[in-house]
């Protein structure tokens, strides 16, 4: 019996008082204005986040010192209704071109001046598979601890911030 | 996030990780696991206890034996964290949309 453990995708939705065009624009062009500043991968403090407005575009963060760190790519660019981003951070919280977890965001008109934004972050099991592959490759302490340590740090930051 | 901390602690030990990985091919008893490792049964039991406390493995009685198996909810620590992350991020996003609407 060879069973793979697959965590269910993360699904979240939020309703905003704006038409889909506006909701899509704030999500993409305005991502630097709402993305939690506490969550960044570069060493430098986070300046902004950028999603290049096209399929195949980059999704990256820029630190206050000007360094850029890749988060992933734009897989689907269908304004104002649908966006699929690749979240390519490996278990050590670094960009990994071989790892693709997908974040799909749908913008569904809900009445005249409102939008339901539905987000799904899927393929999370690939993070675990990558962690295992890396562990076997380098035979070091591996990826899981690195990722989980970061989770723990981040969680305690959130706790102390709240 | 006690769960993620416990998962981190449990998987930081190489022997425990190996035991955990061994369970991926199916549930096993302490005796079966101990046969595959150069450590005593009490040591295996101790490792399983840590994995169980972290929510990574569960156990059930099967006749006179106790079978340990992987609990999929433990591995979902990643999911749980992302769940919380997207909660925070989408709340900030919604606030940004509403705020920008009021200004315009």
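Chains as they are written, first to last, in this note's numbering: chain A, 846 to 1007; chain B, -8 to 95. We put the CB at the ideal spot given by N, CA and C, even for glycine.
Amino acids of chain B, ordered along the chain, whose beta-carbon sits closer than 7 Å to that of residue 964 (chain A): Near residue 964 (chain A) (Cβ distances below 7 Å), the residues of chain B are 77, 81.
Beta-carbon proximity check, residue 920 (chain A) vs residue 934 (chain A), cutoff 8 Å: Going by C-beta atoms, residue 920 (chain A) is not nearer than 8 Å to residue 934 (chain A).
Cβ-Cβ distance between residue 932 (chain A) and residue 946 (chain A) below 8 Å: The criterion of a C-beta distance shorter than 8 Å is satisfied by residue 932 (chain A) and residue 946 (chain A).
Top-ranked residue by Cα proximity to residue 899 (chain A), from A:960, A:880, A:870: When each option's Cα is compared against that of residue 899 (chain A), the closest is A:870.
Short-range partners of chain B found in the segment 875 to 901 of chain A, where Cβ spacing is below 9 Å: Going along the segment 875 to 901 of chain A in chain order, one finds 875, 876, 878, 879, 880, 881, 883, 884 with a Cβ nearer than 9 Å to chain B.
Straight-line Cα distance separating residue 923 (chain A) from residue 961 (chain A): Inter-residue distance for residue 961 (chain A) and residue 923 (chain A) is about 16 Å (C-alpha atoms, whole angstroms).
Reduced DSSP secondary structure (H/G/I, E/B, other) of residue 858 (chain A): Note: residue 858 (chain A) maps to strand in three-state DSSP.
Positions along the segment 27 to 59 of chain B whose CB lies within less than 9 Å of some CB in chain A: Those residues of the segment 27 to 59 of chain B that come within reach of chain A (Cβ to Cβ, closer than 9 Å) do not exist; the list is empty.
Short Cβ contact (8 Å threshold) for residue 950 (chain A) with residue 969 (chain A): No; because the gap between Cβ atoms is not below 8 Å, this pair is not in contact.
Delimiting residues of the beta strand (DSSP E) encompassing residue 899 (chain A): Looking at the DSSP string, residue 899 (chain A) is not in any beta strand (DSSP E), and its letter there is neither H nor E.
Chain A contact residues for residue 73 (chain B), given Cβ-Cβ distances below 8 Å: Within chain A, the residues near residue 73 (chain B) are 855, 966, 969.
Segment limits, alpha helix (DSSP H) that includes residue 34 (chain B): 32 to 44 is the span of the alpha helix (DSSP H), which, as asked, contains residue 34 (chain B).
For residue 946 (chain A), the residue or residues it bridges with in DSSP: For residue 946 (chain A), the beta-bridge partners assigned by DSSP are A:932.
Sufficient close CB pairs (3 or more, under 8 Å) joining the segment 10 to 18 of chain B to the segment 42 to 57 of chain B: Touching, per the Cβ criterion.
Any C-beta of chain A under 8 Å from that of residue 23 (chain B): Chain A, which has no Cβ nearer than 8 Å to the Cβ of residue 23 (chain B), makes this no.
Alpha-carbon spacing of residue 20 (chain B) relative to residue 29 (chain B), whole angstroms: Cα-Cα distance, rounded: 16 Å.
Member of A:917, A:891, A:963, A:972 whose CA lies at the smallest distance from the CA of residue 925 (chain A): Among A:917, A:891, A:963, A:972, the Cα nearest to that of residue 925 (chain A) belongs to A:963.
Spatial distance of residue 858 (chain A) from residue 83 (chain B) (CA atoms): Taking the straight line from one Cα to the other gives about 13 Å.
CB of residue 87 (chain B) within 8 Å of CB of residue 904 (chain A), strictly: The answer is no: Cβ separation not under 8 Å.
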